[in-house]
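Notes follow once the structure below has been shown.
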Amino acid sequence: MANVELALKEATTVIEGAIGAALVDYTSGMALGTLGGGKDLDLTVAAAGNTDVVRAKVRTMEMLGLNDEIEDILITLGSQYHLIRLLRSRGSQGLFLYLALDKQRANLAMARHQLKKIEAELEV
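Have a look at this one:
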């Protein structure tokens, strides 16, 4: 089992093209941990903004009566992928992993697979 710091380190070093990663509580919008980012990507701001995206999608699913779970949400920009993976493991309700990727260097399918593996090993 990996803790938050190790999970974020794995996400940013093992996943090709990773720019930054965060573990976010979408009930509060607060980042519980961040790694990477930089002057072009403020992960604290991204965490708060993506909290709104997750809340909106959860609310929409409830209004539609969809009895299903969100695995991940993909936002495609001109030069980046932003991947949001909602955590489903015991004790992690209300949390998501956020990963920003350089579109030129990333393999999206592999990134999704590796992020799922990191989620499975994460102990919050």
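At position 30 of the sequence shown (counting the first as 1) the number is 29 in numbering that gives the first Met the number 0, and the numbers step up by one without a gap.
By construction, the Cβ of each residue, glycine as well, lies at the ideal position given by its N, Cα and C atoms.
On a CA-only basis, which of the options is nearest residue i? Give me that one, please.
| i | options | result |
| --- | --- | --- |
| isoleucine 117 | Leu96, Leu100, Glu15, Gly35 | Leu96 |
| glutamine 113 | Gly77, Arg84, Thr33, Val57 | Arg84 |
| lysine 56 | Asp41, Val44, Ile74 | Ile74 |
| alanine 99 | Ala46, Asp24, Asn2, Glu4 | Ala46 |
| glutamine 92 | Gln103, Glu68, Gly16, Ile72 | Glu68 |
| glycine 28 | Ala110, Asp101, Thr50 | Thr50 |
| threonine 26 | Val53, Gln103, Lys38 | Val53 |
| leucine 40 | Glu122, Ala105, Leu86, Asp101 | Asp101 |
Thinking residue i and residue j are a contact (beta carbons under 8 Å), I'd like their distance in whole angstroms, please.
| i | j | result |
| --- | --- | --- |
| glycine 35 | glycine 19 | 3 Å |
| alanine 108 | leucine 82 | That pair is no contact at about 11 Å. |
| leucine 42 | valine 3 | About 13 Å; that fails the 8 Å criterion. |
Quick one: using the 10 Å Cβ neighbour count with 16 as the cut-off for buried, is residue i buried or exposed?
| i | result |
| --- | --- |
| glutamate 9 | buried |
| alanine 119 | exposed |
| alanine 6 | buried |
| isoleucine 14 | buried |
| leucine 94 | buried |
| threonine 12 | exposed |
| leucine 22 | buried |
| methionine 33 | Here the sequence assigns threonine to residue 33, which means methionine is not the residue at that position. Answer is buried; the Cβ neighbour count reaches 16. |
| leucine 63 | exposed |
| leucine 76 | exposed |
| methionine 0 | Bear in mind that a pLDDT of 48 at methionine 0, under 50, signals an unreliable position, so the number given afterwards is only what the model happens to contain. Flag for methionine 0 reads exposed. |
| leucine 121 | buried |
Tell me, please, which residues DSSP counts as bridged to residue i.
| i | result |
| --- | --- |
| glutamine 92 | Per DSSP, none; premise fails for glutamine 92. |
| histidine 81 | Ile74, Ala99 |
| leucine 107 | According to DSSP, leucine 107 bridges with nothing at all. |
| leucine 125 | Nothing can be reported for residue 125, as the shown portion of the chain is limited to 0 through 123. |
Item to check | 3-residue-minimum beta strand (DSSP E) runs that sit fully inside the stretch 43-76, ordered along the chain | outcome: 71-75
Checklist entry - Along the chain, which unbroken stretches of the alpha helix (DSSP H) at least 4 residues long are found entirely within the stretch 1-37? => result 3-13
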